[in-house]
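Before any comments, here is the structure.
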Amino acid sequence: MADKIREGGVVTAVNPSASAAAHTAGRTPKPQTHRAQQKAITQGLRKFFDSVASEPVPDEFMTLLHKIDGKKESDA
Amino acid sequence: MNRPLEAHEHQEAPRPMTKEEEKTFRAGLVEMVPVLRAFARSLCGKRDLADDLAQETLAKALQARDKFRPGTNLKAWLFVILRNEFYSNHRRAKTVTNYAAAESIHSDAMEPEQNASLDLSDLMRAFNMLPFEQKEALILTAGEFSYDEAAAICGCAVGTIKSRVSRARKRLESLVEGKDGVLPARSEHPEDPTDAFFKFGRSVTEKAP
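For the protein sequence lines, the chains are B and V, in the order given. Mapping the first sequence onto the numbering used here, position 71 (from 1) lands on 73, and the numbers just tick up by one. Mapping the second sequence onto the numbering used here, position 156 (from 1) lands on 174, and the numbers just tick up by one.
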């Protein structure tokens, strides 16, 4: 029974009140449910992916990007 | 040398692109740089290796542009190239798969933001310990690809993707919950898990062989 993990956008697995509780308790709370935890995993991975994708493209890519633009490619 | 592209719908009818198609293709490549970097980072763990991989993918794609069928999914096509490059260049040997990678992943890419049930740094440390096949299956399907598309990108059956995702999620869950006993305790300073993570990350990096 493979759960569907595509959520069509933002996964809302996180319970804000649980977050507050986590802070006051000073520990990661027990995951509410298996399913919520699975959603949180998907959400976390998505967040990681998106955070890398939103980094500025490093300068080292510029030569290649110019080439892709055809600006320095004679036989484009 | 390199493996050929996986059997893939995009390769059916190679023909030279028209001027207009090529322009669109080139613009598409530029647009895809961020997600290529992110996919590469997911597989490699380390920023410099990942960026090399992303650049090689772009160069390869430009070279092979006549094999792309305009109007089809450019991102999927590029991901096929990226993973082929990854698997064919012995990157696996160079890739960091232990805790030491966690620090670079965290500091490069993560806001110090906590989920209720899941600390992102824990998650990525655990993610880094998964086999590559499971990492890619998870990342592809956690994003905007369906299981079908992920299977096409990885050149395997849909059922294989499903089972990889399922196993990976189970493993991640037990790692982040500490049930596996492998992921070290996150924090001796429970009042500030993020700060503790950085300390932890540093000490692990220093100790790493």
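Note that beta-carbon positions come from the ideal geometry of N, C-alpha and C, so glycine has one too.
Please check the pair residue i and residue j, which I expect to be a contact at CB under 8 angstroms, by giving their CB distance rounded to whole angstroms.
i	j	result
V/L71	V/A144	About 22 angstroms; that fails the 8 angstroms criterion.
V/L10	B/I43	In the structure displayed, chain V extends from 19 to 227; residue 10 of chain V sits before or after that span and is not available.
V/L100	V/L54	6 angstroms
V/E154	V/L61	6 angstroms
Is there a Cβ of chain B sitting closer than 8 angstroms to that of residue i, yes or no?
i	result
V/T115	Unreliable placement is indicated for V/T115, whose pLDDT of 48 sits below 50; no coordinate value is reported for it.
V/L61	no
V/R33	no
V/Q81	no
V/D84	no
V/M142	yes
V/L92	no
V/E38	no
V/A16	Chain V is shown only over 19 to 227; residue 16 of chain V falls outside these bounds and no answer can be derived.
V/I157	yes
V/E49	no
V/L193	no
V/A87	In the sequence as presented, Ala is not what sits at residue 87 of chain V; that position holds Arg. Cβ-Cβ to chain B under 8 angstroms: no for V/R87.
V/F104	no
V/V98	no
V/P52	yes
V/R55	yes
V/F145	yes
V/A77	yes
V/R187	yes
V/L67	no
V/L71	no
V/R101	no
V/L148	no
Measuring straight from C-alpha to C-alpha, what distance separates residue i and residue j?
i	j	result
V/L156	V/S106	21 angstroms
V/A170	V/L158	11 angstroms
V/D166	V/E39	26 angstroms
V/A56	V/R33	30 angstroms
V/S164	V/I179	10 angstroms
V/G89	V/D137	40 angstroms
V/V48	V/D69	14 angstroms
V/S139	V/V98	28 angstroms
V/L148	V/A45	34 angstroms
V/K188	V/G196	12 angstroms
V/V176	B/V59	33 angstroms
V/V51	V/R83	16 angstroms
V/S181	B/F51	22 angstroms
B/L47	V/K37	38 angstroms
B/E62	V/A168	29 angstroms
V/R59	V/L67	8 angstroms
B/M135	V/E74	No answer is possible for residue 135 of chain B: it lies beyond the span of chain B, which begins at 3 and ends at 78.
V/V194	B/Q39	10 angstroms
Could one say the Cβ of residue i lies closer than 8 angstroms to chain V's Cβ atoms, at least one of them?
i	result
B/D61	no
B/R37	no
B/D71	yes
When you compare the CB of residue i with every CB in chain A, is at least one pair closer than 8 angstroms?
i	result
V/A160	Looking for chain A here will not work: the only protein chains present are B and V.
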